Structure formats: C-alpha cells, structure tokens
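I have placed the structure first, in the form of structure tokens, so that the comments after it can refer back to it.
2 protein chains.
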Amino acid sequence: MPEEHHPDHAPLELERFLPYRLSILSNAVSQAIADDYQRRFDLSMTEWRVMAVLARFDGLSAREVAERTLMDKVAVSRALAKLVEAGWVTRATHDGDKRRSVLGLSEAGWAVHEVVAPMARQHERNLLARLDEEERTWLVRILDKLQAMEPK
Amino acid sequence: MPEEHHPDHAPLELERFLPYRLSILSNAVSQAIADDYQRRFDLSMTEWRVMAVLARFDGLSAREVAERTLMDKVAVSRALAKLVEAGWVTRATHDGDKRRSVLGLSEAGWAVHEVVAPMARQHERNLLARLDEEERTWLVRILDKLQAMEPK
DNA sequence: ACGTTATAGTTACATATGAAACCACTTGCA
DNA sequence: TGCAAGTGGTTTCATATGTAACTATAACGT
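One line per chain: the protein sequences are H and D, in this order.
Following the numbering used here, the numbering of the first sequence begins with 1 at its first residue and continues without gaps.
Following the numbering used here, the numbering of the second sequence begins with 153 at its first residue and continues without gaps.
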C-alpha cells in the first residue's frame, strides 16, 4: 500500500539501493579507521587484518591466515612480506612440512597491536553510539542473517 | 551484565567486529551483482553507477555525476571515457560553459540499462528475502542513522 | 580590459589488486 | 621406490585506483 511500484527496469535510485548503501557505509567506516593507523604506522588495512588474526591465533600458516581474513593468498603473501620486513611478524618454517610457514607477532608487533586494537575498538564504539540498544541488537541479528550464506 | 569485557587491547575478533563484517558483506553483495553484469556487458561497477545516475538525471555534467555517485572526478572521467567509447553515453558541451559536459544515455545505453537495472533489483530482492518484514524496517532505519553523518 | 583565482575535466605517475604461472615440497599410489 | 597430482607460498603481469599536476575555460575584483 505505501510502497511505490517502480517497474523493474525504471532507473535505480542508488541512494535507496541496499547494495550501494552498504558499500558507501562500509567504505566510509573502514577508511576512517584505516586512515588512522596508516598515518601512525604505515600499515594497510590488509596488513592490519593479518596482524589481528595473528594476535588471536599464534602460529598460523599463511593459508590459514588467508582463510580467517577472507583474503586471497596473494594478498596475504604480500602483507606478510611487508610485516616481516617491518619486524612486526615472525616467520619460521614448519617442522615436518617445509612448505608451510609458522607465523606470529613479534614483540614489536604486539606493541603495534596494543595501539591499533583499541583504536579500532574506539571507532566501532563511535559508530554504535549512533544507535540505541534495540537497534544494536537488531543490527547484529540482521548481519547474522545476511551473512548466513553470502560469503560464497 | 551479559557482555564480556575484553580489555581494550585484547586481540580483535574480526568476525564480530562491525566494520569488518560490513566490509565482508558489502563486498560479497556488490561483487555478486557486478560479476553478473560484467560477464554480460564488460561493465565495471563504477561504470554501471554512472549509467544508473544518468538514467535518472539526464544532462548532468561529469562533476554532478561524481557528486551523485560519491565517486571522485578521476574515476568518473575514466568511466565516461569508456562509456562514450562503447556508445552507451552521449557527451556534448554545455552552451555557455565550454568546460562543462552534458551527459546522457544513448539508445544503446538505455538498452543496457533495461537489462542491468532489473538484474540489480533482483539481487537486492534476494538479499532482502533473507529478512522478515520487521527486520527490513529496522535495517533501513539503522542504515539511515549510521549514514547520517558518516559520509564525511 | 586584465590579471588573479576558481572550476571542469584529463593526463601522468605511482601504488594496489587479482589471475595465472611458477617453484618447492608432500602426498598418494602403482 | 618413483612419479603423477596436490598444496603452500611467491612472482609476474595486466588492470584498477588514488593523488597530484596540468589544460582549458570562466568568474571575480580592480
């Protein structure tokens, strides 16, 4: 009743088109955070994601990092090259499988993490602060449902 | 009370971190749509967005297209070069201001639009079909609030 | 009028990203 | 064993994207 019925081929109104809105919002949010730690540490978003999973799961291989970050293995390989070079990530070879690497944060890497993780959390809090408790609950629920199958 | 309190510097759980979740979801959704029309028309996402706004607003200048798509002017310039070349967009010079271009969809451009717009709408419907009516209402409301200031 | 400043759009360059080819090592199986 | 097929990871190449510089035109102030 209240819905207008556009014919299916009518021009899209981008600003109401859900995929577009998600994209704009997501980019704005991620970019705001990334700007922050890029300025301080010359750390790209992909690099930070790698560090974040290594903080949680020590000793992963590159492939496992790729799985957990949903990045492809080339991106991970490149991020690792930079992170190892910077001295933030340690890389050893797996005993018994010389192909595999065994990765972890170095002391210096943990130090970076100690700064960036709270930064990221703060951004998330600022974002969520725009919503009330009820909205936050729905948001999580909605994201769960939307993501239920989407990731491939 | 129900919330676990992680110290602020504890390792981030990416899969629960809102900006990350938004990014993953948004990329999955946009990519699924883009794959679709890229295969059929060799049309990039930025190019499609330009066509979508020209379908709604005929005669815009490149700068106005950039404003409406939230893309930067270089991206728009490149997209337009391709679209004009492909014969989907017409470009004339503004009377009385030779800097400005006057853009619009050509016949062929409209034909592409007639195929792609319904495609995009269908993807959106599929996505929203995972939610019930109440959730859809909240989602729109939440997006409105989150976007209220975020875009710069 | 005339120079300064601003604007529309393109070009150039440097960096990021993705796909495929590649190398080294392991595994499975004859 | 030994060799075909698979896996972890890196390199290469082609394309995409962002920033800054540049060109042409217009607007403004004197």
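Every residue gets a Cβ at the ideal spot worked out from N, C-alpha and C, and that includes glycine.
This structure is a prediction, so every number in the text was calculated from the model and none was measured.
Short check: CB of residue i to CB of residue j, under 8 Å?
i      : j      : result
H/M51  : H/V112 : yes
H/P19  : D/V181 : yes
H/I142 : D/L291 : yes
H/A55  : H/L105 : yes
H/S26  : D/S175 : yes
D/I185 : D/A272 : yes
For residue i, which option in the options has the closest C-alpha, if you only look at C-alpha atoms?
i      : options                        : result
D/F209 : H/W88, H/L103, H/E13           : H/E13
D/A160 : H/Q147, H/K98, H/Q122          : Looking at the sequence shown, residue 160 of chain D is not Ala but Asp. Nearest option by C-alpha distance: H/Q122.
H/D42  : H/V65, H/K82, H/L54            : H/K82
H/L80  : H/G96, H/V53, H/R21, H/Q31     : H/V53
D/D188 : D/A269, D/F169, D/A260, D/G248 : D/A269
H/T93  : H/A62, H/L22, H/R16            : H/A62
H/E124 : H/Q31, H/W110, H/R21           : H/Q31
H/G109 : H/T137, H/M119, H/A129, H/V84  : H/V84
H/R68  : D/L212, D/L222, D/R168, D/R288 : D/R168
H/L70  : D/E216, D/R173, D/E287         : D/R173
What first and last residue would you give for the alpha helix (DSSP H) that runs through residue i?
i      : result
H/G87  : Where H/G87 is concerned, there is no enclosing alpha helix (DSSP H), given that its DSSP letter is neither H nor E.
D/L291 : 285-299
Please state whether DSSP places residue i in a helix, a strand or coil.
i      : result
H/R99  : coil
D/A272 : helix
D/L212 : coil
H/A111 : helix
H/R39  : helix
H/A92  : strand
H/L105 : strand
H/P11  : coil
D/A281 : coil
D/M223 : coil
D/K304 : With a pLDDT of 38 at D/K304, under the threshold of 50, the modelled position of that residue is not reliable, and no figure is offered here.
H/S30  : helix
H/S23  : helix
D/S229 : helix
H/F17  : coil
### Query
How do the segment 188-200 of chain D and the segment 228-244 of chain D stand: do at least 3 beta-carbon pairs fall below 8 Å, yes or no?
yes
### Message
When you compare the segment 93-106 of chain H with the segment 135-148 of chain H, are there three or more beta-carbon pairs, one atom per stretch, that lie closer than 8 Å?
### Response
no
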